[in-house]
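Following full-length UniProt numbering, the numbering of the sequence shown begins with 1 at its first residue and continues without gaps. Even glycine gets a Cβ: it sits at the ideal position worked out from N, Cα and C.
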Amino acid sequence: MAAAPSAEARDRIQVTGSSTVFPFTTAVAERFGQRSGKAPIVESTGTGGGMRLFCAGVGVNTPDAANASRRITASEFDTCRKNGVTPIEIVVGFDGIVVANSKQGPAVQLTLEQIFLALAAKVPNAQGQLVDNPNKNWSDIAPNLPNAKIEVLGPPPTSGTRDAFNELAMLEGCKAIQKRMNIQIDSKACQQVRADGAFVEAGENDNIIVQRLVANPAAFGVFGYSFLEENRDKIQGARVNGVEDTVENISSGKYPLSRSLYFYVKKEHIGVVPGLQDFINEYVSEQAMGEDGYLEKKGLVPLPAARREEVSRAARAATGLTGL
């Protein structure tokens with residue numbers, strides 16, 4: 001009921017959230033707009049910020065949908081339900097988080113342990129005690145890495161990419177070093193990124209990171225695979241644990257930094273905000289998120305056919321999440 005005024009007060013679909021999913025949703029919005037004459041407004045606020053806005057309630061002053069580069073959290077879901085929001089979850093496809101640098105810089109191979117040793121606030125010394133990270137250059141970690149200052153541009157804490165990077169790279173790298181040294185490190189300490197300038201929070205706009213890598217060949221950047229794919233003439237991705245960041249390796253999960261991408265729609269706004277269900281149908285169409293679809297050309301790694309059919313069927317039926 002609270003969303004009823006939306007139909008009269010707003011005739012354009014509004015989407016917020018992840019900078020990683022932003023180019024995919026923007027592409028769908030452009031296609032939809034070509035047919036309807038009213039392209040949805042898509043903003044890039046980061047996953048965390050987008051989910052806060054999305055879950056704040058229903059009505060004209062809240063977005064209809066949210067991009068997310070990680071799944072909705074239990075606390076976000078609880079906030080949504082408390083505020084009368086039923087999220088419809090759409091798994092858009094797969095993405096890989098890349099550690100990239102300029103093609104003018106060295107091609108490198110990194111292990112998850114080396115990523116942890118480069119970026120963690122505290123690392124174990126030879127006796128297994130946690131100390132402030134002493135590694136200044138990459139070569140301090142391993143002699144085959146560049147003798148250059150560690151400088152990594154990455155997303156802020158509000159970003160889903162940062163959440164996923166902490167879990168897939170930092171935590172797993174920390175687990176590897178714990179196993180090798182036979183020590184225990186608290187999981188929060190494992191995911192605490194150093195704040196001494198080696199890791200630079202570069203905002204929610206991944207294109208800015210790409211530009212800064214081109215300007216500084218000694219720096220590395222952390223962002224989604226699609227931005228690497230669109231800029232392969234200028235930047236290159238590091239192999240991680242010996243695995244290249246290819247579509248095949250990301251979709252199979254062989255690439256260690258693979259993850260799913262999400263699009264959440266407010267069920268209460270369907271039938272109230274004009275065209276919302278039609279926009280969902282466009283998003284889950286084979287021409288969009290299927291193999292050889294226009295989103296794959298943007299760098300999205302498609303879901304397997306059976307999973308795409310499952311996701312599409314639920315989205316078209318507006319099946320809302322009832323729990324996590």
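Whole-Å CB distance - residue 154 paired with residue 165, under 8 Å assumed: Walking along the sequence shown from the start, residue 154 turns up at place 154. Walking along the sequence shown from the start, residue 165 turns up at place 165. Confirmed, Cβ separation roughly 7 Å.
With DSSP as the reference, label residue 297 as helix, strand or coil. In the sequence shown, residue 297 corresponds to position 297, counting from 1. DSSP, reduced to helix, strand and coil, places residue 297 within a helical segment of the structure shown.
Go to residue 16, then tell me how far its beta strand (DSSP E) extends in each direction, as first and last residue. Here residue 16 is taken as the residue at index 16 of the sequence shown, counted from 1. Segment 14-17, the beta strand (DSSP E) holding residue 16.
Closest to residue 99 by C-alpha separation, out of 132, 161 and 50, would be which residue? Residue numbering aside, residue 99 sits at position 99 when the sequence shown is read from its first letter. For residue 99, the nearest C-alpha among the options comes from 161.
So who's on the other strand from residue 88, going by DSSP bridges? In the sequence shown, residue 88 corresponds to position 88, counting from 1. Note: residue 88 sits in a beta bridge opposite 265.
DSSP state of residue 258 mapped onto helix, strand, coil: The count along the sequence shown starts at 1 and reaches residue 258 at position 258. Looking at residue 258 - three-state DSSP - the assignment turns out to be strand.
For residue 239, which residues does DSSP report across the bridge? Position 239 of the sequence shown, counting from 1, holds the residue named residue 239. Beta-bridge partners assigned by DSSP to residue 239: 109.
Report all residues from its chain with a CB closer than 6 Å to the CB of residue 66; omit the five preceding and five following residues, and keep chain order. Here residue 66 is taken as the residue at index 66 of the sequence shown, counted from 1. Cβ within range, chain order: 16, 17, 50, 51, 54 and 264.
Please work out which residues of its chain come closer than 6 Å, Cβ to Cβ, to residue 300, disregarding the five sequence neighbours upstream and downstream, and give them in chain order. Translated into positions along the sequence shown, residue 300 becomes position 300. Counting only Cβ-Cβ distances below 6 Å, and skipping sequence neighbours, we find 24 and 93.
What three-state label does DSSP hand residue 147 in the structure shown? Locating residue 147 in the sequence shown gives position 147, where the first residue counts as 1. Note: residue 147 maps to coil in three-state DSSP.
Mapping the DSSP letters down to three states, classify residue 69 as helix, strand or coil. In the sequence shown, residue 69 corresponds to position 69, counting from 1. Note: residue 69 maps to coil in three-state DSSP.
Test item: CB-CB of residue 28 and residue 282 under 8 Å: By 1-based counting over the sequence shown, the position of residue 28 is 28. By 1-based counting over the sequence shown, the position of residue 282 is 282. Against a cut-off of 8 Å, the Cβ pair of residue 282 and residue 28 comes out as a contact.
Please return the same chain residues whose Cβ sits closer than 7 Å to the Cβ of residue 209, not counting the five positions on each side in sequence. Here residue 209 refers to the residue found at position 209 of the sequence shown. The answer, listed in chain order, is 153, 202, 221 and 223.
Taking Cβ to Cβ, would you say residue 119 is nearer than 8 Å to residue 198? Working through the sequence shown from its first residue, we reach residue 119 at position 119. Working through the sequence shown from its first residue, we reach residue 198 at position 198. Yes. Within cutoff.
Buried or exposed: where does residue 19 fall if 16 or more other Cβ atoms within 10 Å of its Cβ makes it buried? One-based indexing of the sequence shown puts residue 19 at position 19. The residue is buried, with at least 16 neighbouring Cβ atoms inside 10 Å.
Put residue 172 into one of helix, strand or coil per three-state DSSP. For the purposes of this step, residue 172 is identified with residue 172 of the sequence shown, where counting begins at 1. In the three-state DSSP reduction, residue 172 falls in the helix class (H, G or I).
Going by beta-carbon coordinates alone, are residue 130 and residue 56 separated by less than 8 Å? As a working mapping, residue 130 is identified with position 130 in the sequence shown. As a working mapping, residue 56 is identified with position 56 in the sequence shown. Contact: no.
Counting along the chain, where does the alpha helix (DSSP H) carrying residue 210 start and finish? Mapped onto the sequence shown, residue 210 falls at position 210. Residue 210 -> alpha helix (DSSP H) spans 206-215.
Across the region 276-290 and the region 29-36, are there enough close Cβ pairs to call them in contact, namely three or more that are closer than 8 Å? Flag = yes, the region 276-290 and the region 29-36 touch.
For the region 78-88 against the region 283-298, do three or more pairs of beta-carbon atoms, one drawn from each stretch, fall closer than 8 Å, so that the two count as touching? no
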